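In the numbering used here, the protein residues as written are 13 to 941. Using N, Cα and C, we set each Cβ at its ideal position, and we do this for glycine too. Every value quoted in this text rests on a predicted model; they were computed, and no experiment measured them.
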Amino acid sequence: MPPYDARGEENGRKRHRAVLIGVEHYTGTRNDLPAVATNLRLMREALTAERTGVLGPDDLVVIPADGADTSSGPKGPDMGSGPKGGTPKGPAPAPAVDPLRVRAALAAARRDVTGLLVVYFAGHGIVRPDGSDLNLMFTDSRVTRDRHHPFVDTLSWRGDVMPELRNSRADWVVVILDCCFAGNALRAFSPAAGQNFALLTAAEPGVEIPPGDPRTGTEFTAALHRLLTTGEEEPVTFTRTVAGIRRAMAPLKAVDGHPWIPDELRHGDDVVLAHPVDAEPPPPTGLALEDGPPTAVTTRWPRSSAQALPRRLLAALAHRLTRTTAVALAGVVALAAAGAWYLLGAPSGGDCASPLELRVLTDPDLKSTVQKAADAYPKRDGHGCRTVGINVYDAKATDAVAALRSSSLWQEPPATCPASGDCPRPQRDVGAQPDIWIPAAGSAWQRATAGGAAGGEGGGNASSATGSGKTGADAGRSVVDLDRLGSVAYTPMVLGVPDTMALAQSLQTDDPLGTIVTALEAGQPVEILRPDPEDTEGALLATDALYASSGSGRASTVEQGMAQALRPMPSTARELMCVLADGAHNDLEDRAAVLVPEQTLAQFNLSAGEPGRPGCASEALAHRVAHYPSDVPMLDLPFVRVTWAGADRDADARTAAVEDFYEWLATDPDAQKCFTDDGFRGVGEKGGPAAPADDSVLRSEDNTTAVREQIPVTGPDADASASLSDTLSRYRGALGPGRVLYLLDNSTSMADKRVWDGTGGAKELVARSMTSLGAGDSYGVRMAAVAEGKPATDLVPFGPNTRAGAQKAVAGAGTAAFDARIAAGLDAALGTLRGEATGAEQPRLLVLVTDGEDFEAVAEKEQKRLVAEAGKTPLVRIVTVSLQDGGCTPGRFGERLAGASGGRCLDPADDIAAELAAEVARTGTGDAE
Numbered sequence: 013m014p015p016y017d018a019r020g021e022e023n024g025r026k027r028h029r030a031v032l033i034g035v036e037h038y039t040g041t042r043n044d045l046p047a048v049a050t051n052l053r054l055m056r057e058a059l060t061a062e063r064t065g066v067l068g069p070d071d072l073v074v075i076p077a078d079g080a081d082t083s084s085g086p087k088g089p090d091m092g093s094g095p096k097g098g099t100p101k102g103p104a105p106a107p108a109v110d111p112l113r114v115r116a117a118l119a120a121a122r123r124d125v126t127g128l129l130v131v132y133f134a135g136h137g138i139v140r141p142d143g144s145d146l147n148l149m150f151t152d153s154r155v156t157r158d159r160h161h162p163f164v165d166t167l168s169w170r171g172d173v174m175p176e177l178r179n180s181r182a183d184w185v186v187v188i189l190d191c192c193f194a195g196n197a198l199r200a201f202s203p204a205a206g207q208n209f210a211l212l213t214a215a216e217p218g219v220e221i222p223p224g225d226p227r228t229g230t231e232f233t234a235a236l237h238r239l240l241t242t243g244e245e246e247p248v249t250f251t252r253t254v255a256g257i258r259r260a261m262a263p264l265k266a267v268d269g270h271p272w273i274p275d276e277l278r279h280g281d282d283v284v285l286a287h288p289v290d291a292e293p294p295p296p297t298g299l300a301l302e303d304g305p306p307t308a309v310t311t312r313w314p315r316s317s318a319q320a321l322p323r324r325l326l327a328a329l330a331h332r333l334t335r336t337t338a339v340a341l342a343g344v345v346a347l348a349a350a351g352a353w354y355l356l357g358a359p360s361g362g363d364c365a366s367p368l369e370l371r372v373l374t375d376p377d378l379k380s381t382v383q384k385a386a387d388a389y390p391k392r393d394g395h396g397c398r399t400v401g402i403n404v405y406d407a408k409a410t411d412a413v414a415a416l417r418s419s420s421l422w423q424e425p426p427a428t429c430p431a432s433g434d435c436p437r438p439q440r441d442v443g444a445q446p447d448i449w450i451p452a453a454g455s456a457w458q459r460a461t462a463g464g465a466a467g468g469e470g471g472g473n474a475s476s477a478t479g480s481g482k483t484g485a486d487a488g489r490s491v492v493d494l495d496r497l498g499s500v501a502y503t504p505m506v507l508g509v510p511d512t513m514a515l516a517q518s519l520q521t522d523d524p525l526g527t528i529v530t531a532l533e534a535g536q537p538v539e540i541l542r543p544d545p546e547d548t549e550g551a552l553l554a555t556d557a558l559y560a561s562s563g564s565g566r567a568s569t570v571e572q573g574m575a576q577a578l579r580p581m582p583s584t585a586r587e588l589m590c591v592l593a594d595g596a597h598n599d600l601e602d603r604a605a606v607l608v609p610e611q612t613l614a615q616f617n618l619s620a621g622e623p624g625r626p627g628c629a630s631e632a633l634a635h636r637v638a639h640y641p642s643d644v645p646m647l648d649l650p651f652v653r654v655t656w657a658g659a660d661r662d663a664d665a666r667t668a669a670v671e672d673f674y675e676w677l678a679t680d681p682d683a684q685k686c687f688t689d690d691g692f693r694g695v696g697e698k699g700g701p702a703a704p705a706d707d708s709v710l711r712s713e714d715n716t717t718a719v720r721e722q723i724p725v726t727g728p729d730a731d732a733s734a735s736l737s738d739t740l741s742r743y744r745g746a747l748g749p750g751r752v753l754y755l756l757d758n759s760t761s762m763a764d765k766r767v768w769d770g771t772g773g774a775k776e777l778v779a780r781s782m783t784s785l786g787a788g789d790s791y792g793v794r795m796a797a798v799a800e801g802k803p804a805t806d807l808v809p810f811g812p813n814t815r816a817g818a819q820k821a822v823a824g825a826g827t828a829a830f831d832a833r834i835a836a837g838l839d840a841a842l843g844t845l846r847g848e849a850t851g852a853e854q855p856r857l858l859v860l861v862t863d864g865e866d867f868e869a870v871a872e873k874e875q876k877r878l879v880a881e882a883g884k885t886p887l888v889r890i891v892t893v894s895l896q897d898g899g900c901t902p903g904r905f906g907e908r909l910a911g912a913s914g915g916r917c918l919d920p921a922d923d924i925a926a927e928l929a930a931e932v933a934r935t936g937t938g939d940a941e
């Protein structure tokens, strides 16, 4: 079929938009990017040029807008206050760019655009050490040592940008990323089924790019501008753009001499990005757009089509007319415009007023469905303008509970954090202050309000029955009321068992999880998996039952077993099923029984081509039967109104809007269908779960034998907060106290290469990472440079040590004039860590620090033997720290050792100090102390 053309006659009445984001100024350690200002100018020209452009000037939202505020930091009472780290570079800093403003612009575009949506970003990009989770960086973005939240004031492509755009109403979405590591976004490219979506990245995954010239822009954007403004004979489509940009960049090199190859992925046919230079100017649009005026978000918005009509008609036709004809036609156009003014009413500013914005915080397992429902919420005035805007975002379930228990920290964040960087900061961990909270289960509300009925230190105020019992002092105090209004949908937690496994049908309902798992394990080898319980409430409830069925003290055994089967554990039920569906885990998809919500299981059971089937689902994933554990509470999706102390502005209007949204979600058939289409059970007449309707995913042919129509309701009736808090403590402590052994290459080459002493040197890295070790841990340091045939020497004997004494010994260590005996040192270290352990589940970590010279000298046969040894049980995670560039390249010895043991390989491309400390913290108990 022909490529999609925003200027085509059939698309003339649709809403098109380009969101252009450029971050020139950074307040932290990142360098400013003065070429970005030129990039924004080039993209404006390319998209709106009179003959070649596919958009009009009024279709652009540019961030920062001309004349934007140059001060950094969030604005408004709900976003904290005070300066961020760093100082402006240069006499006149460029305007600040705030991620919340960008996210709001993307949300508005998702809601409003029905035609072509183009999103462009130029600025710094950053990824995690394993190359995952590309984050777009803004003015105040920074990197911390917190292993769970390393990036602050950024937007995650995987967690923020892609989910927003995946739910867009646009006919076509085109994203262009001009930043370092832009290609890493391709790993998390996940359009909705049937969505037209194209992603163009400045370079391939893992590649950094030069900052460009302030006068001409970055090389990539400058080349893109030339392609879009100089095309001849035929339209410049996305596919032609990809081919052209690769040719243009081929002679150039990226950072470190990498070939500069722009990359792309496309889901759909093709889309026109520019017209040839000899094309006719775009025709005038109709008098009205199809969906009413846009939702206001930024300072730059389209004017009404009626106002723009005379200008567009004249621009399109004047160049083809004689002077006399032009004057006559201008009069006709003026009369037509006057008639339109009379019929449509005089413009009152042309734009809708800013709607009342409601922020909805939800569980990661629910985000896509709640977003879909929010998009369908039909609250508009008589002019078609939205009166209420719904901004949906998600956060880890544990972060949301902790933040609401200590809600004052949203307004008064802690002045200092421990060295690990692990301290509560709701603005960072969760986002803006919510008006509504929709957790997956009432147990989250119980934990948020437990011990805090008086509004004191323990938690939020509750207007329904509150849990009892103080859960311990929190970092802040509560300044919220958490009013539970009712449920908006239901879904039970199930154990999804491949239908190829033997398990009695009588165990499908009414039995506890332990009974089902025992029977399953008796019949065949099986791996029990669930998402990370820190991330979703459903996974936490499942973990609570799993630990209870495993017996006292066996949480570590459960977690070690899961870690050996799959590491890292995915964050959500959908991500877990997607990982299994890719078929790249040695048939794990056929051996895994998964603890997930019923709605997730039902969606992944759907056959190819069926509506509602996730895009990542594949035939590699076995059909699964749901078993309903009697001791895992149902997810009842409570709607919680969040009222903030002192938030009096628009209080009555906000309360009314929140209650109206709840009533619509819980009772309106269109709202309920948003949930039931995704496999949830709706709300019945008496407020409980309704039986699935005939058109429900649960009643599809694929799920006829997989799910039960009638199921027992499993609570939670009693307060589960104490039990779940204990489960979280057991989970966090399941891998501790630990056993950590450092094997340190102290050969003279370390000093020769200047990687032994000083900041970032081997000794400083080891000593600094010891801050995560506690009195209960056993640890030691061995020196690998010894005479041939001799064992590695103890610098710090393995066992309980004082941290200060161990760090002092490391600081005073010297090099030795011998080769590092890497192979022998590894063998001995593995033997030490696996021997004399107090329990099979006790966590073990081996940290090998080397400059790579003697490390890579290990013979290939010996490398293979050691890699095989690293994968044996009891599991010892190996973190290899190579102080030379490229030491962690795939296939190298260090990377293979880490991969075989579920560990990590760190080299100068990583923030070694922060990442090594985080890895040691996963085993040690110092931070917990």
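Practice item. From the DSSP output, in three-state form, read off Pro510 for me. Key: Taking the first residue of the sequence shown as 1, we reach residue 510 at position 498. Correct three-state label for Pro510: strand.
Check your understanding: Using a Cβ-Cβ cut-off of 8 Å (strictly less than) and excluding sequence neighbours within five positions of Glu671, which residues of its own chain qualify?
Key -> Against the sequence shown, residue 671 aligns to sequence position 659. Result list for Glu671: Leu497, Arg653, in chain order.
**Study point:** Any 3 or more C-beta pairs closer than 8 Å across the region 178 to 185 and the region 258 to 265
**Key:** no
Check your understanding: Taking the alpha-carbon positions, what's the Lys96 to Val283 distance?
Key -> Taking the sequence shown and counting its residues from 1, the one referred to as residue 96 is at position 84. Taking the sequence shown and counting its residues from 1, the one referred to as residue 283 is at position 271. Reliability of the predicted coordinates at Lys96 is poor, the pLDDT of 30 falling under 50, and the value obtained from them is presented with this limitation in mind. Going by the C-alpha atoms only, they are around 41 Å apart.
Check your understanding: Counting only runs that start and end within the region 753 to 798, where is the alpha helix (DSSP H) found for 4 or more residues in a row?
Key -> 760 to 764, 774 to 781
Check your understanding: In terms of residue numbering, what span does the beta strand (DSSP E) encompassing Ser455 cover?
Key -> In the sequence shown, the residue the question calls residue 455 occupies position 443. Segment 454 to 461 is the alpha helix (DSSP H) holding Ser455; no beta strand (DSSP E) there.
Point to revise | Cα-Cα separation between Asp81 and Pro545, rounded to whole angstroms | key: Locating residue 81 in the sequence shown gives position 69, counting from the first residue. Locating residue 545 in the sequence shown gives position 533, counting from the first residue. Note that Asp81 has pLDDT 47, beneath the 50 cutoff, so the model's placement of it is unreliable and the number below is only indicative. Distance between the alpha carbons of Asp81 and Pro545: 41 Å.
Point to revise | Asp664 - DSSP class collapsed to helix/strand/coil | key: Position 652 of the sequence shown holds residue 664. Three-state result, Asp664: helix.
Exercise for review: May I ask you to verify whether the region 260 to 274 touches the region 60 to 80, counting CB pairs closer than 8 Å and requiring at least 3?
Suggested key: Not touching, per the Cβ criterion.
Exercise for review: Taking only runs that begin and end inside the region 146 to 187, name each unbroken alpha helix (DSSP H) of 4 or more residues, in chain order.
Suggested key: Taken in chain order, the unbroken stretches of alpha helix (DSSP H) that lie wholly in the region 146 to 187 and span 4 residues or more are 174 to 178.
Point to revise | Test item: CB-CB of Ala197 and Leu240 under 7 Å | key: Here residue 197 corresponds to residue number 185 of the sequence shown, with the count starting at 1. Here residue 240 corresponds to residue number 228 of the sequence shown, with the count starting at 1. Contact flag unset, no.
Review point. So is Gln517 buried or exposed if we call it buried at 16+ other beta carbons inside 10 Å?
Key: For this step, residue 517 is matched to residue 505 along the sequence shown. Exposed, because fewer than 16 other Cβ atoms sit within 10 Å of the Cβ of Gln517.
Check your understanding: With DSSP run on the structure shown, which of helix, strand or coil describes Tyr640?
Key -> Start at 1 with the first residue of the sequence shown, and residue 640 comes out as number 628. Looking at Tyr640 - three-state DSSP - the assignment turns out to be strand.
**Study point:** Same chain only: Cβ atoms within 7 Å of Val491, ignoring 5 sequence neighbours per side
**Key:** For the purposes of this step, residue 491 is taken as residue 479 along the sequence shown, with counting starting at 1. Here the set comprises Ser419, Ser420, Trp656, Ala657.
Check your understanding: Any contact of the region 497 to 516 with the region 624 to 632, i.e. 3+ C-beta pairs under 8 Å?
Key -> no
Check your understanding: Does the Cβ of Leu649 have 16 or more other Cβ atoms within 10 Å, making it buried, or fewer, making it exposed?
Key -> Numbered from 1 along the sequence shown, position 637 holds the residue referred to as residue 649. Buried, since its Cβ has 16 or more Cβ neighbours within 10 Å.
Review point. Taking C-alpha atoms, which residue in Val644, Thr892, Pro855 lies nearest to Leu7?
Key: This structure gives no information on residue 7, because the portion of the chain shown stretches from 13 to 941.
Practice item. Might you give, ordered along the chain, the residues of its own chain that have their beta carbon closer than 7 Å to the beta carbon of Met581, omitting 5 neighbours on each side? Key: Against the sequence shown, residue 581 aligns to sequence position 569. Closer than 7 Å at Cβ, skipping near neighbours: Pro543, Asp544, Met574.
Review point. If you compare alpha carbons, which of Val372, Leu378, His395, Asp831 is closest to Ala401?
Key: As a first step, residue 401 is located in the sequence shown; it is residue number 389 there, counting from the start. In the sequence on display, residue 401 carries Gly and not Ala. Minimum Cα distance to Gly401 is reached at Val372.
Practice item. Name, in chain order, the residues that DSSP records as bridge partners for Leu918. Key: Taking the first residue of the sequence shown as 1, we reach residue 918 at position 906. Leu918 is bridged to Val893.
Point to revise | Residue range of the beta strand (DSSP E) that includes Val400 | key: Residue mapping note: residue 400 aligns to position 388 of the sequence shown, counting from 1. It spans 400 to 406 - the beta strand (DSSP E) in which Val400 sits, taken as one unbroken run.
Exercise for review: Please state whether DSSP places Gly40 in a helix, a strand or coil.
Suggested key: Residue mapping note: residue 40 aligns to position 28 of the sequence shown, counting from 1. Taken through DSSP and simplified to helix, strand or coil, Gly40 comes out as coil.
Check your understanding: Below 7 Å between beta carbons: does that hold for Cys686 and Lys384?
Key -> The residue labelled residue 686 in the question sits at position 674 within the sequence shown. The residue labelled residue 384 in the question sits at position 372 within the sequence shown. Yes; because the gap between Cβ atoms is below 7 Å, this pair is in contact.
Review point. Do the region 218 to 226 and the region 160 to 177 meet, that is, are 3 or more Cβ pairs less than 8 Å apart?
Key: no
Practice item. Please check the pair Pro451 and Ala412, which I expect to be a contact at CB under 8 Å, by giving their CB distance rounded to whole angstroms. Key: On the sequence shown, position 439 is the one that residue 451 refers to. On the sequence shown, position 400 is the one that residue 412 refers to. Confirmed, Cβ separation roughly 7 Å.
**Study point:** Exposed unless 16 or more other CB atoms sit within 10 angstroms - verdict on Met13
**Key:** If you number the sequence shown from 1, residue 13 lands on position 1. Around the beta carbon of Met13, fewer than 16 other beta carbons sit within 10 angstroms, so the residue counts as exposed.
Check your understanding: Among the residues of its own chain, which have a CB less than 7 Å from the CB of Thr584, if the five just before and after it don't count?
Key -> The count along the sequence shown starts at 1 and reaches residue 584 at position 572. Within the same chain, Thr584 has close Cβ partners Pro376, Asp377, Pro543, Asp547, Thr548.
Practice item. Taking His5 as the reference, give the member of Arg751, Glu675, Thr512 with the closest Cα. Key: The requested residue 5 is not part of the displayed model; the chain covers only 13 to 941.
**Study point:** Assigned exposure category for Pro645 - 16 Cβ within 10 Å defines buried
**Key:** If you number the sequence shown from 1, residue 645 lands on position 633. When all chains shown are included, Pro645 counts as buried.
Exercise for review: For Ala276, count neighbouring C-beta atoms within 10 Å of its own C-beta (all shown protein chains included) and say buried if the count is 16 or more, exposed if not.
Suggested key: In the sequence shown, the residue the question calls residue 276 occupies position 264. In the sequence on display, residue 276 carries Glu and not Ala. Glu276 is buried by the Cβ-count criterion.
Practice item. Please confirm whether Ser894 and Asp919 have their CB atoms less than 7 Å apart. Key: Position 882 of the sequence shown holds residue 894. Position 907 of the sequence shown holds residue 919. Yes, the Cβ-Cβ distance between Ser894 and Asp919 is below 7 Å.
Check your understanding: Less than 7 Å separating the beta-carbons of Leu857 and Val752?
Key -> If you number the sequence shown from 1, residue 857 lands on position 845. If you number the sequence shown from 1, residue 752 lands on position 740. A contact, by the Cβ cut-off of 7 Å.
Practice item. Alpha carbon to alpha carbon, how far is Ser712 from Thr935? Give it in angstroms, no decimals. Key: Here residue 935 is taken as the residue at index 923 of the sequence shown, counted from 1. Here residue 712 is taken as the residue at index 700 of the sequence shown, counted from 1. When rounded, the distance between both Cα atoms is 46 Å.
Practice item. In angstroms with no decimal places, state the Cα-to-Cα distance between Ala787 and Lys876. Key: As a working note, residue 787 is residue 775 in the sequence shown. As a working note, residue 876 is residue 864 in the sequence shown. If you take the alpha carbons of Ala787 and Lys876, they lie about 36 Å apart.
Point to revise | 8 Å contact criterion, which Val31 and Val131 should meet: CB distance rounded | key: Here residue 31 is taken as the residue at index 19 of the sequence shown, counted from 1. Here residue 131 is taken as the residue at index 119 of the sequence shown, counted from 1. Contact holds; Cβ gap of about 5 Å.
Review point. Nearest to Ala869 by alpha carbon, out of Gly898, Val888, Phe905?
Key: Numbered from its first residue, the sequence shown carries residue 869 at position 857. Ranking the options by Cα distance to Ala869, first place goes to Phe905.
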